[in-house]
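Please read the structure below before turning to the comments.
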Amino acid sequence: VPIAPERLTRGRGQAGAGADQAHDASIERPPQRLGVLLCTHSTFTFGAGTASPTTLVRRAAELGYAALALTDTLNVTGGAELFQAADRHGIQALIGATLPVRIDAEVFPLVAIAASRSGYGTLNELITHAHAREERDVPWPVLLSHTHDLIVLTGGRDGLPAKLLAQRRVRDLEERMRELAGAFPERTFVQLFHDRLPWDARRARVLRRFAQSLALPTVAAPEVKYALEEDYALYDALMCARLGIGVQQPHPDRPRNRAGAIPHAEEAARRLPFPEALLNALHVAERASFDLLPERLVVPQASVPKGLTADQHLERRCFEALLVRYDAATLPIARRKLEEELATVRALALAEFFLVAAEVTDYCRAHGILAAGRGSAAASICCYLLGITGVDPVKYDLLFERFLHTGKSAMPDVDIDISSARRDEVIAWVESRFGQATEAMVCNKITYRLPLAIQDLGRALGLPPEQRTKLSRALGRDFRHMSARRAREAGPAFDEVLGDAPAKEALLRLLERLEPVHPRHLAPHSGGVVLSREPLTHYAPLERSSGGIKIVQLDKDDAEALGLIKLDLLGLRMLAALERAREEVFRLEGVWIDLADLPDDERVWDLISQGATLGLFQVESPSQIHTSRVMRSRTMRDLAHQIALIRPGPIQSGTVHPYLRRRQGLEPTTFWHPSLEAVLGKTYGVLLFQEDVLRIAVHFAGMTWTEADRFRKKVSSWRTVEDIEPDRQAFIAGALRHVGATPEQAETVFEAVKGFQGFGFAESHAWAFAIHAYASGWLRVHYPAEYLAAIMTEEPGMWSPSTKRHEARLWDVPFLPIDVNRSGVHYRVAWARRDGKPVKAVRPPLCAIKGVSEATAREIMLDRLRAGAFASVDDLHARVPLARDVTEALARGGALDALGDRREALFRIGVLAGSAPAGTAPLLASPVPTPGLEPLPIEGRLVWDMHTARFSTLELHPIDLVRDQLRELGAMSLHQVARRGRGATVRTAGLVVSRQKPPTAKGFAFYVLEDGPIRAQLIISPDLWTAHRTLVRDAMIIVADAEVVDTGYQLTLKATTLGMVEGVVGVRGYEFG
Amino acid sequence: VRRLMVPLTVEPAAASVPRRLRWVDPKGGGETTARVARVLDDWDYAGRWWEVETLRHYLLLETVEGHTLEVFREGEGWCLSRLSD
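Heads up: the protein sequence lines correspond to chains A and S, in order.
Residue 392 in this note's numbering sits at position 307 of the first sequence, with consecutive numbering throughout.
Residue 18 in this note's numbering sits at position 10 of the second sequence, with consecutive numbering throughout.
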């Protein structure tokens, strides 16, 4: 029972610190310090909190607090981190939230703290309710009807008592407080605070007397908004950014001093010297003691036939499929593997999880949606037999233990790739199947990277938008991915844009104080869906993203920490492209292609071996094109290895070159120890997959799968040698004991494993991707026009529409112009004639033009179907109600070329805009004749095309517009360079269509220059990069002196000098690093 | 209430709450001395961090003579900001 003030104090308080130290004899020693922080905001009160839950907990522990309640505004996203940090720092965590409560037209913050796990659910329901309202608040009656196991504090300076007392609305306040205390009996506390503002001491005494008059308990709860006083400036700047004002502009919500920091416990008690209020803080902490983080995962509820358990149903489905999928030769091995897996699934009680994942892929199959599991799940025979994945783990000898083993405590990871064009359909079905309340997407915490932080904090400091944008751009590849805290390392960019402006230093100081992972807002995860047995509000609140997607306030790690299992339903553009290409083939040829059962085709392997892989799944990057030519993959295994090879893990561990040399027979395959031949035999003795690390840990160092799993995670994420030293010792001791390795051998293997840092593929994942890659190659070989139309529409991969359009020349697929009388909504294949023969060509859609939506394109198509082709611009204007800017975009983009020249069309549109509204025929013909305008030359058409559609159907390339200038500079075309041999020194130029500076490349950058259908990868050394930082950031067309390193489908050049030529039009190409 | 903003000399010099104050009235007149009877209130102010940050600790004091003074400390210096007499 809380301690009411009348039990502890005599008479009224007096002015001055320490005036209310008088206390009841029942309290032997009144507290001299505040023991608990009950009202604390973290970075999850977006724009009004600067410290992470971990930072707050660390500081609270340093200052000797026993407990900390996180009470972010309408948010509990910091909950999991809070409890984990509190566990590490040895203090108690409490979870609550600040709720803006609406009473009529007024809104007051109220702090609600969960007294139990079910009280936490009540809190989540209230927050969910608020997020469902446009006003983002909790109506008073809703609060009073959601009271189960919640403790409420009446709020600080803007809280109900403080506000109404200041307005002398005592009767009104009394009525509300009685209602509140009636709804939350013995759980309503009048919050006392002191913000070191004028008359705060008196305000606290008045509040206390008011509480006394209603026999309500008080509680000392200063409002904490940041950890340290030094964070006050950042708090103020973020608040300004949130309010949309500059720092020069006053606002009542802005802080007036540094009192938002965690106070020293003694100072807090001195400011709020009320023994019962200090004791009640401890009392609240005692009552709200529970652990948010459970010990086990809860699986969603699958659809199981009556009379069967989930385990039985799973077994039945798997064994039925086993007989279909395996022949007599492989059946015994497959059966044994299945039985082992099922035993593991039973032991972990995960049968329903597998069945739920199968329900999703069953739905996709039944509705013709391409879907396939990826990741470690592809090593599971259960997943294969249930149709979740398409990879046979028996045939390819995949390791199930990477996915699941009985010692695994973490969530099993099932990722399902779904055709991106139809993923929303699948998610809508999942929502209807599992219910609104039990399904949602997990969220991503969108954190401040340097450009975003510059935008928000720069705005607060009064930097104009164009200057902020200029600064963000000036960061370039070198700095833009940096955490904001490292802003000073980007000093050259700040100097370039801000010079000596005083705002520069202020901005840098703010950036440096941001948390390393400082969330700005929540956004939906790319595909993570959580399904639960009970309403999701048991775990966290739900809200809608700005795009209308329902999300739960947990990211994937928090969801797992709270016991939820996530299913990743990822939209994969390549699957949409394969689906679209298949439909186009069926439309034109009447052939339905079974993408899951494509024949092995020499022509596909020839294509891949030549490195002609632009547009193919996973093997189209410049480095993959190069690897294709070296590896000359001829089997699915080769392809899976190729896909896995060019990843940070293998690159950083030095795997790539030994693998390629050994494969080519340029060096012998050796093993660090004979026992490793069984593990690394198929990868030429080098580490390629995550499974290799696991297998080495088990078979070489004698670890259990559980130990090996933990070891794998450790070696992929270690930071310091000290971090990993215990693992090194255990590994070496294990290897000596288990396989009799020498210390030197064990050390060598450990060093190799340790080097396998960063992202590497699971073998099962590589196989899953190899299947899609082969399918893309097969369609490219057999149906290039259909495949090209599909990848132009769905835009998978890294290349711009312009590059693909020029690549089409090598594929021998012509492009037809965009035409208002022939184009539709998507890229389609149409029959054309070339040299008198029919040929398949690609017709771009109307909505390829910027500003023309799919809806508009449909409207035009429908009218065309209804009333025939458009005869003129006037006819189009009279028949379709198009906005003037849309019609102008159509004209600029060349869609009206068939009706006349672009300039004339634009003139006509202007005239018609002044006569009758679009979509209505004028009573009289327009009296204004079209003057004889000079037709737009082909160069102009190219520029307009590039501006409106990002590509042109003309044969001209943007580099052609500066060809004369390049000749004067002595730069040969890439076509001419291609005829030179390796080792030649050339001066050449090209349009920059890709810029990569991967962190694994030791400072080297890889640009792709394009000239028509010819492309060259330009290698830029770190020295050259540093010397030309601005040029490589801004250049549209690069002129380089270079050495020819490789020729063929893709040239490779090593730059020795760099220059640039002003281009007329550029390409917004792929950028990485 | 008069707004003064004049430098103060306080005694004891290092005290967080002074006992005696001295200042010179900017509108003529000589040095004035006041003895502090009690502290009525205190508060903090921070501002203009984007230039040179101002951090002040304010005291509202009642003098033995019954006047009310608003003074603040900024760094090592003291200032009389307002006087109610």
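Backbone N, C-alpha and C define an ideal beta-carbon position, used for all residues, glycine too.
Remember, predicted model here, so these are calculated numbers, not experimental data.
Between A:Arg372, A:Lys889, A:Leu772 and A:Glu807, which lies nearest to A:Arg797 when the distance is taken from Cα to Cα?
The residue you call residue 797 of chain A lines up with position 712 of the first sequence. The shortest Cα separation from A:Arg797 among A:Arg372, A:Lys889, A:Leu772 and A:Glu807 belongs to A:Leu772.
For A:Arg281, decide whether its Cβ has a neighbour in chain S, counting only Cβ atoms nearer than 8 Å.
Position 196 of the first sequence holds residue 281 of chain A. Judged by the 8 Å Cβ criterion, A:Arg281 is in contact with chain S.
Quick one: which chain A residues come within Cβ less than 8 Å of S:Ala54?
Numbered from its first residue, the second sequence carries residue 54 of chain S at position 46. Per Cβ cutoff of 8 Å: Tyr317, Pro340, Arg341, Asn342 and Arg343.
Please confirm if A:Thr1005 has its CB atom under 8 Å from at least one CB of chain S.
The residue given as residue 1005 of chain A occupies position 920 in the first sequence. So no, A:Thr1005 is outside the interface.
Is any beta-carbon of chain S found at less than 8 Å from that of A:Asp640?
One-based indexing of the first sequence puts residue 640 of chain A at position 555. Closer than 8 Å: no.
Spatial neighbours of A:Arg732 within its chain, please: CB distance less than 7 Å, with the 5 preceding and 5 following residues excluded, ordered by chain position.
Residue numbering aside, residue 732 of chain A sits at position 647 when the first sequence is read from its first letter. Taken in chain order, the residues that qualify are Phe844, Gly845 and Phe846.
Minimum Cβ-Cβ distance from A:Val1117 to chain S less than 8 Å:
Locating residue 1117 of chain A in the first sequence gives position 1032, counting from the first residue. Chain S contact via Cβ: absent.
Alpha carbon of A:Ile501 to alpha carbon of A:Ala395, nearest angstrom:
Residue numbering aside, residue 501 of chain A sits at position 416 when the first sequence is read from its first letter. Residue numbering aside, residue 395 of chain A sits at position 310 when the first sequence is read from its first letter. The straight-line gap from Cα to Cα measures roughly 21 Å.
Test: A:Ala286 CB closer than 8 Å to a CB of chain S
As a first step, residue 286 of chain A must be located in the first sequence, where it is residue number 201. For A:Ala286, the answer is yes, since a Cβ of chain S falls inside 8 Å of its Cβ.
Can you tell me where the beta strand (DSSP E) with A:Thr273 in it begins and where it stops?
Position 188 of the first sequence holds residue 273 of chain A. That run of the beta strand (DSSP E) goes Thr273 to Leu277.
Just mark A:Gln775 as buried or exposed, buried being the case when its beta carbon has 16 or more other beta carbons within 10 Å.
As a position in the first sequence, residue 775 of chain A is number 690, starting the count at 1. Buried, because 16 or more other Cβ atoms sit within 10 Å of the Cβ of A:Gln775.
Can you tell which of A:Leu931, A:Ala990, A:Ala1006 and A:Val971 has its C-alpha closest to the C-alpha of A:Ala963?
Within the first sequence, the letter at position 878 stands for residue 963 of chain A. That would be A:Ala1006, whose Cα lies nearest to the Cα of A:Ala963.
Select from A:Ala860, A:Pro307, A:Leu433 and A:Ala644 the residue whose C-alpha is nearest the C-alpha of A:Arg491.
Taking the first residue of the first sequence as position 1, residue 491 of chain A is located at position 406. Residue identity differs from the one stated: residue 491 of chain A is Thr in this sequence, not Arg. Minimum Cα distance to A:Thr491 is reached at A:Leu433.
Let's test the definition: count the other Cβ atoms within 10 Å of the Cβ of A:Ser887 and tell me whether it reaches 16, buried, or not, exposed.
Here the question's residue 887 of chain A lines up with position 802 in the first sequence. Its Cβ being crowded by 16 or more others within 10 Å, A:Ser887 is buried.
Any beta-carbon of chain S closer than 8 Å to the one on A:Ala591?
As a working mapping, residue 591 of chain A is identified with position 506 in the first sequence. Closer than 8 Å to some Cβ of chain S, the Cβ of A:Ala591 qualifies, so yes.
Would you call the stretch 316-325 of chain A and the stretch 532-545 of chain A in contact, with 3 or more CB pairs under 8 Å?
yes
Closest Cβ-Cβ distance between A:Asp970 and chain S: below 8 Å?
Translated into the one-based positions of the first sequence, residue 970 of chain A becomes position 885. Not one chain S Cβ lies under 8 Å of A:Asp970.
Leaving aside the five residues before and after S:Arg81 along the sequence, list all residues of the same chain whose C-beta is less than 6 Å from its C-beta, in chain order.
Your numbering for residue 81 of chain S matches position 73 in the second sequence. So the list reads His65, once near-sequence residues are dropped.
With 8 Å as the threshold, decide whether the Cβ of S:Asp33 is near any Cβ in chain A.
Numbered from its first residue, the second sequence carries residue 33 of chain S at position 25. It does not; no Cβ of chain A falls within 8 Å.
Helix, strand or coil: how does DSSP classify A:Lys1082 here?
For the purposes of this step, residue 1082 of chain A is taken as the residue at position 997 of the first sequence. Coil at A:Lys1082, not helix or strand.
When you compare the CB of A:Leu357 with every CB in chain S, is at least one pair closer than 8 Å?
Stepping through the first sequence from its first residue, residue 357 of chain A is reached at position 272. Output row for A:Leu357: interface = no.
4-residue-minimum alpha helix (DSSP H) runs that sit fully inside the stretch 229-267 of chain A, ordered along the chain:
245-251
Quick one: measure Cβ to Cβ for A:His711 and A:Gln1135, integer angstroms, because I've assumed they're closer than 8 Å.
What you label residue 711 of chain A is simply residue 626 of the first sequence in a count that begins at 1. What you label residue 1135 of chain A is simply residue 1050 of the first sequence in a count that begins at 1. That belief holds up - the Cβ atoms of A:His711 and A:Gln1135 are roughly 7 Å apart, short of 8 Å.
Got a sec? Which residues, its chain only, sit under 6 Å from A:His606 by beta carbon, not counting five neighbours each side?
Taking the first residue of the first sequence as 1, we reach residue 606 of chain A at position 521. Phe131 and Ile531.
With 8 Å as the threshold, decide whether the Cβ of A:Asp321 is near any Cβ in chain D.
The question asks about chain D, but that chain is absent: this structure's protein chains are A and S.
Got a sec: which bits of the stretch 324-336 of chain A sit with their beta carbon under 9 Å from any beta carbon on chain S, in order along the chain?
Val332 and Gln333
Measuring straight from C-alpha to C-alpha, what distance separates A:Leu599 and A:Val441?
Your numbering for residue 599 of chain A matches position 514 in the first sequence. Your numbering for residue 441 of chain A matches position 356 in the first sequence. Straight-line Cα distance between these residues: approximately 41 Å.
I need the DSSP call for A:Arg918, collapsed to helix, strand or coil.
Position 833 of the first sequence holds residue 918 of chain A. Strand.
Expressed to the nearest angstrom, what Euclidean distance is found between the alpha-carbon atoms of A:Ser1000 and A:Asp986?
Counted from its first residue, the first sequence places residue 1000 of chain A at position 915. Counted from its first residue, the first sequence places residue 986 of chain A at position 901. Rounded to the nearest angstrom, the two C-alpha atoms are 21 Å apart.
What's the gap between the Cα of A:Asp686 and the Cα of A:Tyr859?
Position 601 of the first sequence holds residue 686 of chain A. Position 774 of the first sequence holds residue 859 of chain A. Near 10 Å, if we compare the C-alpha coordinates of A:Tyr859 and A:Asp686.
Closest to A:Val661 by C-alpha separation, out of A:Leu277, A:Ala428, A:Thr878 and A:Trp690, would be which residue?
Numbered from its first residue, the first sequence carries residue 661 of chain A at position 576. It should be noted that the sequence gives Ala, not Val, for residue 661 of chain A. When only C-alpha atoms are compared, the closest one is A:Thr878.
Under 8 Å (Cβ pairs) to chain S, residues found in the stretch 515-547 of chain A:
Leu546
Entirely within the stretch 779-849 of chain A and at least 3 residues each: give me those beta strand (DSSP E) ranges in chain order.
none
At the level of alpha carbons, what is the spacing between A:Val121 and A:Arg143?
For the purposes of this step, residue 121 of chain A is identified with residue 36 of the first sequence, where counting begins at 1. For the purposes of this step, residue 143 of chain A is identified with residue 58 of the first sequence, where counting begins at 1. So the alpha carbons of these two residues sit roughly 14 Å apart.
Quick one: Cα of A:Phe671 to Cα of A:Glu871, how far?
Indexing the first sequence from 1 puts residue 671 of chain A at position 586. Indexing the first sequence from 1 puts residue 871 of chain A at position 786. Rounded to the nearest angstrom, the two C-alpha atoms are 10 Å apart.
Three-state secondary structure assigned by DSSP to A:Phe900:
Counting from 1 along the first sequence, the entry for residue 900 of chain A is found at position 815. Here A:Phe900 sits in strand by DSSP.
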